[in-house]
Each structure stands twice: as structure tokens, then as C-alpha cells.
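Residue numbers (the numbering used here): 960 to 1578.
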């Protein structure tokens, strides 16, 4: 069966009959462990499913109600948005009822049905009193207005009414968005003979198929899906939202555990920092502060976390704010993911909220302003906002950071493997143009500006681009500006398109340089000798660039007349049957081997001659 299934999580106080109710609805006992049987309470996650009157199939994650096992309850509820909330008619609202309501409210439950269980044990008008109490308790929460169905698992009274209410819940529940970004939140891992390591969890965000290559996060270990089951049915493809068991080929049992995520390798990136919208639970008595030890519950993961509030020192119940969470171990998170915070010392739920940035900058800057802009984002706008925030983003970073790889981004341009904000691109062009113009004006003898110096200058000038420049943006940026004809790149040098080397007020000095070279030919002064004579390297380069001299090698320059004479002699000698040797060329030119060798190398490079062993032939 490949269709999407609805998954419902149970919630409520210990011993209010959640497991008995699920058993009455499904005919399955969700309590899996012997200790659960012995103690009569659910300490880990149980699973069961049934077909409703409409033919729609629904699965239950039966979670524990005892205070000590709330962490397991969070693992079950975290990825699920539909809730079956249970309150016993004979006992009424209890402390864990309030905490569980706070949790499903903080996690943003999409819809719910409330079962008023053990109605057969309520005498007189107690059922009506409980109905009124529940309505008052649910007011102002995500469960406000949820239908409340009196029932009894022991007698069967009201069970069919509850099934009808669940059928309506499943029918009207908003569909899970298909983002083609599947994520299986692992809440159990075990070994099965013949199947190897098996993981179970709630699949959301898309489909997974047998044979898919996936990664186990946060480790990143790559594995292959060997088989898939949902509700004990073998399938080739599992779709969200559904309870899924996946066997993983070649995976040791200890390579995956609760809290891990199975997903496509390139679509997610582990993170140890989160920026969030934070809201204290309504039953919190004292304001929430950064002091204390907290645990984060996100999906099926549990992490120790340090809390830093933005723009305030505390959050009172009934208010909300922005915060940064620093985790002891990485998790897989997406923008919009709900989470819960519990205080470790009191073992109490204190707050929850939603992730606004799963990979925030190390230096938050004006974080509250930035996060306020993220609060009401549609998923398809996230890539645009990310580029606007960071100025430049690698295209390969967009899928793990935003969940998409857009073909176009408004107000940004594709620059090689990067997306760069239009404003920053123009700012870069202007800054680089100014730098080159200033360099050309101050150093007319220099043909261009070294690229590494340009990078350092730009990083200092364009603070918002510094991280991207340090991460390798410059080559792509320069290629983009060169294609637009804003700059010219020659080797490792940059120049403006109209720049030409000029001698300016050093014309007379250049003529002296040429005279010094000519007077020494056919054994002219080399670079070191020219330096001792007072001619700097910039002047020599400028004389070559303007055609006053010809550069033969890094160490040797000659006059154009001498270069032409050397070329003519080489052509004639190379055209003879015996070819041209170094010795013969030296004799013809009247020079030494020190000059003959680089001259022949220069002629070879230009195709005038062609070396064959010890002789040169006509090129």
C-alpha cells in the first residue's frame, strides 16, 4: 500500500486508559514490553492501527503518560500533528493532563479528538461536569473546540462514536505538504534475523523507496534501504505521513539510535545551533530565563541545550520572544520545526516554539529583526531570504538550508556556483572598479592588480561578502565581472578594460633604460644588472608593455631591433639541411650561451623554430 496514512498520537495522564482505548479501537495491544505488562503502564512507544468506518486507515502512536517517561512521549508526539487526548471521567484533569496539553499545544497540533474514558465509572452528573472542565482547559490552546467523546474501553460504550470522530478528524485534517524532502524520525532501532538492522519512526515530507540511498544523520553514514513496511505490510514505497519500518542494508545495530534521522544525503545538514521563536508553557509559574539546564526535544531527538534570549532577560508566561539554542550534539532540523524545552532539574516542560533558522550565523547581529522577518515566510521564499541575509550563498547549500534548489531567486544573480544578491554584486563591481582605477592612476607602469591583493582589499571594503570571499567566491565573481566586460583578467592580474601601461613622466628614464640595453647587446645587462644600474622592475615591465623593449625571459630583455635580428638569423639557420645548433646560433649572433639559450627558447615558444634533439628546425 503506497498511499499516505494518517498517524495519531495519544496523550494524557498516566492510567487514564490510553493503551486500553487504543486496544479497544484496533484490537491490538500496543504495550510491547514485559515491564509494561507487569507494572500496568506504558513506558515506551507502542504502535497499533485500524480501518475506520469510511475505509480510511489510521495509525496510533501510543505514548506513555507517567511523568518519568515524558521524554518518550515527546519522541512519539514530536513528528505527529493529530492527537487523541485522553482524560478519565472518574479522576478528571490531572497534572500530566496539563503538561501533555501544554506539549501538544507547543508542538502545534493540527487537530484533535478528546476521549473522556472510564465514563462507566462516573456517577450522576460527573460526565457533564468533566465535559465542562475539559472545555475550559482547552480554551486558548491548539485543541480548543476539539470534540469530546465520553466512552469506556471496558464496556465498549461510546467506542463507535469515538471511531466516527476519528474518521472525521482524519478526513478534515490538512494534508501533509509533499516537499520531496523525506525525513524518517527514528524512535526505535533493533535487529531482525534475515533483515539486519531495522528502524521505525514517522515518515514526513515525502516518499522513500526500496533501493534508495539514504544517510543516517547526524553521523552522515550512507546506507541503502533494503525493505519497507507499514502496518506490517511490505511495500516498495512509503509516503508521508505514515508509520514506517525500514531495514537498512549493511548497517550495524549500533550505527543508528533513537533521535537519528534517515533522509537523502544531500538534502540535510546536521546543526548544533538553532535560532527559534520561544513561548513559555502556560502553566509556568516563574518567568523563563537563560539560567538552568534544559533539554531540547525535536522530532524524536533529545539534546542538552544552552539557552540565550535575544533582547530580553526573561520570558513570562503569555509572552514570546526569540532565542538561540546551543546543543551538545547536532540534530537535523528544518525551518518551521516545532520543539519543546524541558528543565532538567525540575523535570518539567517549560517552553516550546518553532525553528526559524537551522544554521544561524556565529555572530547574530540584529537577530531579533532578522528573525521577525522569518516568522511568516512561505517555504518557497526561504531561499531568497537566505541570500538576502548572507549576501552570497553556494547553490549546493540551498537544499540543506532551505529545502529547495530554485531555478531563480528574485533580486539575486547566479555567479558560477553561487547566488549573489544584486545589490552586493553591483557594490562589488563599483568597489573593484574604484580599486583598479586608483591603482592604475598611482602606478601607470603596472599592467594590472594581483588577484590576491584584490581579494584582501574587497574583503576589507565589503564586510558582508567577507565570509563568501574567504570561502572561495572571488574566482567566480571575477569570471562573472569579466564576462560582463567590467574587468579584464590576464593571468593573475586584473585591470580595467581601457587601461594601458603608460610611461608618463618616466619617458626620459625609459629612454635611458633602452639605451643601456642597446649598448650592451649582443650581451645586454640582465635583470639584476639593470637593478644595480637604477632601473626598477616596474619601469622594465612598462618598457616591454609599450614596445620599447622585448621580454625574452624573466631575466632578459632586448631591444626590438636585436630581437628581429636574432629571429632572422634563427630562421635562416634552421632552414638549412643540418639545422641550427646552439653553438652555431651563438656564433651567428656574436653572443654567449647565457643569451643564446633563452633567445632560442623564446623563438621556440613563438613557433619560429622547433627543437629536435640538439638542433632547431624551421617552425
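Glycine included, C-beta positions come from ideal geometry on N, C-alpha and C.
Neighbour-count burial assignment, residue 1109, 16 or more Cβ in a 10 Å radius
If you draw a 10 Å sphere on the C-beta of residue 1109, you find 16 or more other C-beta atoms in it, and that means buried.
Buried versus exposed call for residue 1565 [16 or more other C-beta atoms within 10 Å across all chains shown]
exposed
Run the CB neighbour count on residue 1439, radius 10 Å, all protein chains shown included, and call it buried at 16 or more, exposed below.
buried
Quick check: residue 1545 and residue 1552, are their CB atoms within less than 8 Å of each other?
Contact flag set, yes.
When burial is assigned at 16 or more other CB atoms within 10 Å of the CB, is residue 1245 buried or exposed?
exposed
Could you tell me the alpha carbon to alpha carbon distance between residue 1284 and residue 1267, rounded to whole angstroms?
6 Å
What are the partner residues of residue 1240, as DSSP defines its beta bridges?
BP columns for residue 1240 are empty, so no partner.
Around the C-beta of residue 1176, are 16 or more other C-beta atoms found within 10 angstroms, so that it is buried, or is it exposed?
Around the CB of residue 1176, 16 or more other CB atoms lie within 10 Å, so the residue is classed as buried.
Take residue 1540 and list the residues in its own chain whose beta-carbon comes closer than 7 Å to its own, dropping the five residues that flank it on each side.
The beta carbon of residue 1540 sits closer than 7 Å to the beta carbons of 1573 and 1574 from its chain, once the five residues preceding and following it are set aside; these are given in chain order.
Leaving out five residues on either side along the sequence, give the residues of the same chain with a beta carbon under 8 Å from the beta carbon of residue 1579.
As displayed, the chain neither begins before 960 nor continues past 1578, which places residue 1579 out of reach and without an answer.
Mapping DSSP to helix, strand and coil, what is residue 1416?
helix
If you check the beta carbons only, do residue 1372 and residue 1379 fall under 8 Å apart?
yes
Which runs of the alpha helix (DSSP H) spanning at least 4 residues fall entirely within the region 1455–1527, listed in chain order?
As for any alpha helix (DSSP H) of minimum length 4 sitting wholly inside the region 1455–1527, the runs are 1466–1479, 1486–1491 and 1496–1504, ordered along the chain.
Out of curiosity, what's the CA-to-CA distance linking residue 1437 and residue 1217?
Looking at the two C-alpha atoms, the distance is approximately 47 Å.
Is the Cβ-Cβ distance between residue 1281 and residue 1327 less than 8 Å?
yes
So does the region 1111–1127 actually touch the region 1068–1076, counting three or more Cβ pairs closer than 8 Å?
yes
Three-state secondary structure (DSSP) at residue 987?
coil
From this set, 1096, 1235, 1289 and 1472, which residue's C-alpha is nearest residue 1269's C-alpha?
Ranked by how close their Cα comes to the Cα of residue 1269, the residues 1096, 1235, 1289 and 1472 have 1235 in first place.
Just to check my reading of the structure: residue 1078 and residue 1143 have Cβ atoms closer than 8 Å, yes? What is that Cβ distance to the nearest angstrom?
Contact doesn't hold; Cβ gap of about 38 Å is too wide.
When the Cβ atoms of the region 1098–1112 are set against those of the region 1053–1069, are three or more pairs found closer than 8 Å?
yes
In terms of residue numbering, what span does the beta strand (DSSP E) encompassing residue 1146 cover?
1142–1151
Could you name the residues that DSSP lists as bridge partners for residue 1008?
1018
Cβ-based burial, residue 1493 [other Cβ within 10 Å; buried from 16]
exposed
May I have a chain-ordered list of the beta strand (DSSP E) segments no shorter than 3 residues that lie completely inside the region 1158–1232?
1172–1176, 1180–1189, 1192–1194, 1201–1208 and 1220–1222
Of all the options 1475, 1520 and 1432, which has the alpha carbon lying nearest to the alpha carbon of residue 1488?
1475
Among 1085, 1426 and 1104, which residue has its Cα nearest to the Cα of residue 1094?
1104
List the endpoints of the continuous alpha helix (DSSP H) containing residue 1254.
Where residue 1254 is concerned, there is no enclosing alpha helix (DSSP H), although the beta strand (DSSP E) it sits in stretches over 1253–1257.
Whole-angstrom distance between residue 1238 and residue 1274, CA atom to CA atom:
Their backbone Cα atoms lie some 8 Å apart in a straight line.
Please list, in chain order, all residues of the same chain as residue 1353 whose beta carbon is under 7 Å from its beta carbon, the five residues on each side excluded.
1376 and 1377
Excluding sequence positions up to five away, which residues of its chain have a Cβ less than 7 Å from the Cβ of residue 1271?
1280
Closer than 8 Å is the cut-off here; do at least three beta carbon pairs connect the region 1421–1430 with the region 1460–1474?
no
Where does residue 1513 land, buried or exposed, given buried means 16+ other C-beta within 10 angstroms?
exposed
contact_flag[the region 1162–1177, the region 1195–1206] where n(CB pairs < 8 Å) is 3 or more
yes
Smallest Cα separation from residue 1153: which of 1208, 1140, 1139 and 1229?
Ranking the options by Cα distance to residue 1153, first place goes to 1208.
Contact check, residue 1577 vs residue 1568, beta carbons under 8 Å:
Contact: yes.
Roughly how far, in whole angstroms, is the beta-carbon of residue 1260 from the beta-carbon of residue 1112, given that I think they are within contact range, below 8 Å?
With a Cβ gap of about 32 Å, residue 1260 and residue 1112 do not count as contacting.
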